[in-house]
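If you count the sequence shown from 1, position 195 lands on 195 in the UniProt record's numbering, and the numbers rise without skipping. One structure is given here, and the rest of the page talks about it.
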Amino acid sequence: MESKRKKDSVRFVSWNTCGVRDTADFPHKLEKIIKELDKLGTSVAFLQETHIGPNSRQTDILRCVSGWHYFFTVHHPRSKGVAILIKETLNYAYEFHDEDFGGSYIVLVCQLDGKYFTFVNVYNHIKDTSVLRRLTQYLHDNAKGILVIGGDFNTILHYDFDRKCPTGHKEPLRPFLEEFISSLNLVDVWGRSHPTDRQFTYFKGKLIQSSGSMHPKKAQRNTYKIASRLDMFFMPCDDMQYLKKCKIYNSDISDHDPVLLEIQLQPLTVVQMPLEIPNDPITHEAERDSFKVQGEISGAEVLTAIKSLRECREIFDSSQLTGHNKRALINRLKLEFNDMIRKTRDRKAVQPGSTEYLIFTTILARRLERYIRPSFKSKSKVPCSKTKTNQPEPKIYMRDVRIPKTIKWTHLQKAITALKRIHPAPPRVFDILRSLLGDLHGNLKLPKHSPLTNAILTLCLKWLAKELKSKLGECEVDVCRHRLSVLVYMHSNPDMENRLDRVVSQFRQQLHS
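Here's what the structure looks like:
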């Protein structure tokens, strides 16, 4: 048996296997699943739709798998069910776990090589609109260490990036997934790692073969008319620094393909929470009532930001702070942030990298999100190919931006001015941004792995989309904020392609200048 040695990285695989039990068409199914997991070098597996019912014969199936620790839900022999498998060769220590009453998720808190992790495996059934809301609150209160969320979410994040031949049907679960992502400051790992790629994990009508074969996905599966990317990994913005790679693999065992995520095992950065508490925070707040201005920060915003940031959440939830101290700390931060909004405190006093800075910029990012959230009433901009029978089918062009360290303040101002649909405009938020992040050269410093950076760049991309629409003429342009990319749908000709590349190139130069 392989010894439990320390590893430089951990490989996760999320896979909807459409059951783990043997069938007449697919004997030895679980054995084949485990074999393919081993081929991928899997350390931790998230399996969805395990279809494990309540009788003892079914619940024993995962217990027969050697070499793995296992956690699974029991629901119905023909629907739902999730499981987490962990290689016994890992230096692993169990802390606690929790299971959804409907069999839709498992949360496992553990240690790998002495570092805390929270693993979350989700199967969001198409008719279940409450599971992500329940899960959000639980993770706010209980997540510890690096958070890794994987699963089949039964919806997409972008109509045209994430679905081939869109059906035009609504995505009832998408608003709930968007709220889940926002509440926990999550990043779509594969989408952010492949901003202009169009690959899928679910293929409608896919032929499942009992032999099973797997290889890295190198091309689209063009034989399938409808395909979607329903299976995803999410990590918080501040944990993306540990990412090594994220890939989609082909497999014929299921109509879903497995997604692989590899992260580095690095020492975690410890951020010290400021614990100075005013002697009488209630009186202190009452004294400032005469200075109130529009758009002040609430205690609820402070608490939500703290709960969404790993380092802050862990210190805030530690035994060092009593309930009274927690309330006083939230109140102190609220008062200090509002002093900055009123300009009675120097905004430069909030140092980049400090806990105050992380919390404050997270609150600003949340406020900016109201201007960049997608409209869930809109439909795909790319019609299904069968509707284009009498003319050449337009092509999809995808372009991304490399995230700069700084951005010209004037460039951001142009973006805001150009977006007339933003009404009312948020001048106070941007005034705060300029004084908090600006420098003497008129640049905004973009914090690395920050939701604020994502929000600022998405606003700029919306301006780019408007410019492309204006200069290209007959085309459709859309922004995918999760990928920091734009999608352009237009008829192909050299002149249009040259104009597209020229506008995007100019935008990149301005962004990075």
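We put the beta carbon where it would ideally sit given N, CA and C, even for glycine.
Point to revise | Rounded straight-line distance, which links the Cα of Glu95 to that of Ile282 | key: Your numbering for residue 282 matches position 282 in the sequence shown. Your numbering for residue 95 matches position 95 in the sequence shown. Below a pLDDT of 50, predicted positions are generally treated as unreliable, and Ile282, at 48, falls in that range; the measurement from the model is reported next regardless. Whole-angstrom Cα-Cα distance: 38 Å.
Point to revise | Under 8 Å between C-beta atoms of Ala305 and Thr362 | key: Counted from its first residue, the sequence shown places residue 305 at position 305. Counted from its first residue, the sequence shown places residue 362 at position 362. Yes.
Check your understanding: With DSSP run on the structure shown, which of helix, strand or coil describes Gln413?
Key -> Against the sequence shown, residue 413 aligns to sequence position 413. Here Gln413 sits in helix by DSSP.
**Study point:** Whether Phe234 touches Val259 by CB criterion (8 Å)
**Key:** Looking up residue 234 in the sequence shown gives position 234. Looking up residue 259 in the sequence shown gives position 259. Result no, Cβ atoms of Phe234 and Val259 do not sit closer than 8 Å.
**Study point:** Endpoints, the alpha helix (DSSP H) within which Ser470 is located
**Key:** Along the sequence shown, one-based indexing puts residue 470 at 470. Looking at the DSSP string, the run of the alpha helix (DSSP H) that includes Ser470 is Pro451 to Leu472.
Point to revise | Segment contact flag, the region 477 to 489 with the region 183 to 196, C-beta cutoff 8 Å, min 3 pairs | key: yes
Review point. Between the Cα of Leu265 and the Cα atoms of Leu333, Leu464 and Gln241, which residue gives the shortest distance?
Key: By 1-based counting over the sequence shown, the position of residue 265 is 265. Ranking the options by Cα distance to Leu265, first place goes to Gln241.
Exercise for review: Give a yes or no on whether 8 Å exceeds the smallest Cβ distance from Gln509 to chain B.
Suggested key: Looking for chain B here will not work: only one protein chain is present.
Point to revise | Beta-carbon proximity list for Tyr70, same chain, < 6 Å, skipping 5 on both sides | key: Along the sequence shown, read from residue 1 onward, the residue named residue 70 stands at position 70. Leu62 and Leu85.
Exercise for review: Starting from the C-beta of Lys245, find all residues in its chain whose C-beta is less than 6 Å away, skip the five residues before and the five after it, and write them out in chain order.
Suggested key: Along the sequence shown, one-based indexing puts residue 245 at 245. Only Glu262 meet the Cβ criterion.
Review point. In or out: Ile359 buried (at least 16 other Cβ within 10 Å) or exposed?
Key: Position 359 of the sequence shown, counting from 1, holds the residue named residue 359. Buried, by the Cβ-count rule.
Check your understanding: Any contact of the region 398 to 415 with the region 365 to 374, i.e. 3+ C-beta pairs under 8 Å?
Key -> When Cβ pairs closer than 8 Å are counted between the two stretches, the region 398 to 415 is seen not to touch the region 365 to 374, the count staying below three.
**Study point:** Exposed unless 16 or more other CB atoms sit within 10 angstroms - verdict on His28
**Key:** Taking the sequence shown and counting its residues from 1, one reaches residue 28 at position 28. When all chains shown are included, His28 counts as exposed.
Practice item. List the endpoints of the continuous beta strand (DSSP E) containing Arg399. Key: Here residue 399 is taken as the residue at index 399 of the sequence shown, counted from 1. Segment Lys395 to Asp400, the beta strand (DSSP E) holding Arg399.
Review point. Can Gly53 and Val74 be called in contact, C-beta distance under 8 Å?
Key: In the sequence shown, residue 53 corresponds to position 53, counting from 1. In the sequence shown, residue 74 corresponds to position 74, counting from 1. Contact flag set, yes.
Review point. Which whole runs of the beta strand (DSSP E) in the region 82 to 140 are 3 residues long or more, in chain order?
Key: Uninterrupted beta strand (DSSP E) stretches at least 3 residues long and entirely within the region 82 to 140 occur at 82 to 87, 92 to 99, 105 to 112 and 115 to 123, given in chain order.
Point to revise | Local conformation of Arg11 per DSSP, three classes | key: Position 11 of the sequence shown holds residue 11. Strand.
Exercise for review: Compare the Cα-Cα distances from Phe101 to each of Val131, Leu230 and Ile297 and report the closest residue.
Suggested key: Locating residue 101 in the sequence shown gives position 101, where the first residue counts as 1. Of Val131, Leu230 and Ile297, the residue nearest in Cα terms is Val131.
Practice item. Identify the continuous alpha helix (DSSP H) that holds Ala328 and give its terminal residues. Key: Along the sequence shown, one-based indexing puts residue 328 at 328. Ala328 -> alpha helix (DSSP H) spans Gly323 to Arg342.
Check your understanding: Buried or exposed: which applies to Arg310, given that a residue is buried once 16 or more other Cβ atoms fall within 10 Å of its Cβ?
Key -> The residue you call residue 310 lines up with position 310 of the sequence shown. So Arg310 ends up on the buried side.
**Study point:** Cβ shell of Gly323 (< 6 Å), same chain only, five flanking positions each side left out
**Key:** As a first step, residue 323 must be located in the sequence shown, where it is residue number 323. Counting only Cβ-Cβ distances below 6 Å, and skipping sequence neighbours, we find nothing.
Exercise for review: Report back the beta-carbon spacing between Phe117 and Val82 to the nearest angstrom; my notes put them in contact at under 8 Å.
Suggested key: Along the sequence shown, one-based indexing puts residue 117 at 117. Along the sequence shown, one-based indexing puts residue 82 at 82. Between Val82 and Phe117 the Cβ distance is about 17 Å, and since that is not below 8 Å, they are no contact.
Point to revise | Within 8 Å, strictly: CB atoms of Lys445 and Lys408 | key: Here the question's residue 445 lines up with position 445 in the sequence shown. Here the question's residue 408 lines up with position 408 in the sequence shown. Going by beta carbons, Lys445 and Lys408 fall outside the 8 Å limit.
Practice item. Could you pull the start and end residues of the alpha helix (DSSP H) that Pro175 belongs to? Key: Counting from one through the sequence shown, the residue named residue 175 turns up at place 175. Segment Arg174 to Ser183, the alpha helix (DSSP H) holding Pro175.
Practice item. Using alpha carbons as the reference points, say which of Cys165, His158 and Arg163 lies closest to Pro175. Key: Along the sequence shown, read from residue 1 onward, the residue named residue 175 stands at position 175. Closest by alpha carbon: His158.
Review point. Hey, Val122 and Leu135 are a contact pair by Cβ (cut 8 Å); roughly how many whole angstroms apart?
Key: Numbered from 1 along the sequence shown, position 122 holds the residue referred to as residue 122. Numbered from 1 along the sequence shown, position 135 holds the residue referred to as residue 135. Yes, they are in contact, since the Cβ atoms of Val122 and Leu135 sit about 7 Å apart, within 8 Å.
Exercise for review: State the DSSP-derived secondary structure class of Lys388, mapped to helix, strand or coil.
Suggested key: If you number the sequence shown from 1, residue 388 lands on position 388. For Lys388, the pLDDT reaches just 44, beneath the cut-off of 50, and the residue's location in the model is therefore unreliable, leaving the point undetermined.
Point to revise | Phe161 versus Ser228 - alpha carbon distance | key: Counted from its first residue, the sequence shown places residue 161 at position 161. Counted from its first residue, the sequence shown places residue 228 at position 228. Taking the straight line joining both Cα atoms gives about 9 Å.
Practice item. Go ahead and pull the three-state DSSP assignment for Gln509. Key: By one-based count along the sequence shown, residue 509 stands at place 509. If DSSP states are grouped into helix, strand and coil, Gln509 belongs with the helices.
Practice item. Measure how close the beta-carbons of Val479 and Thr458 come, nearest whole angstrom, since I'm counting them as under 8 Å. Key: Within the sequence shown, the letter at position 479 stands for residue 479. Within the sequence shown, the letter at position 458 stands for residue 458. Their Cβ separation, rounded to whole angstroms, is 7 Å, which keeps Val479 and Thr458 in contact under 8 Å.
Point to revise | Spatial distance of Val504 from Ser182 (CA atoms) | key: Your numbering for residue 504 matches position 504 in the sequence shown. Your numbering for residue 182 matches position 182 in the sequence shown. Their backbone Cα atoms lie some 28 Å apart in a straight line.
Exercise for review: Determine which residues share a DSSP beta bridge with Gln264 and list them.
Suggested key: Counting from one through the sequence shown, the residue named residue 264 turns up at place 264. Ser9.
Exercise for review: Would you tell me roughly how many angstroms separate the C-alpha atoms of Ile146 and Asp239, rounded to the nearest one?
Suggested key: As a first step, residue 146 must be located in the sequence shown, where it is residue number 146. As a first step, residue 239 must be located in the sequence shown, where it is residue number 239. Taking the straight line joining both Cα atoms gives about 6 Å.
Check your understanding: Looking only at DSSP bridge pairs, what is Trp68 linked to?
Key -> Translated into the one-based positions of the sequence shown, residue 68 becomes position 68. Lys87, per the DSSP bridge assignment.
**Study point:** Spatial distance of Ala455 from Leu90 (CA atoms)
**Key:** Looking up residue 455 in the sequence shown gives position 455. Looking up residue 90 in the sequence shown gives position 90. Approximately 37 Å between the Cα atoms of the pair.
Review point. Going by beta carbon distance, what residues of the same chain come within less than 7 Å of Arg502, once the five residues before and after it are set aside?
Key: Position 502 of the sequence shown, counted from the first residue, corresponds to residue 502. Within the same chain, Arg502 has no close Cβ partners at all.
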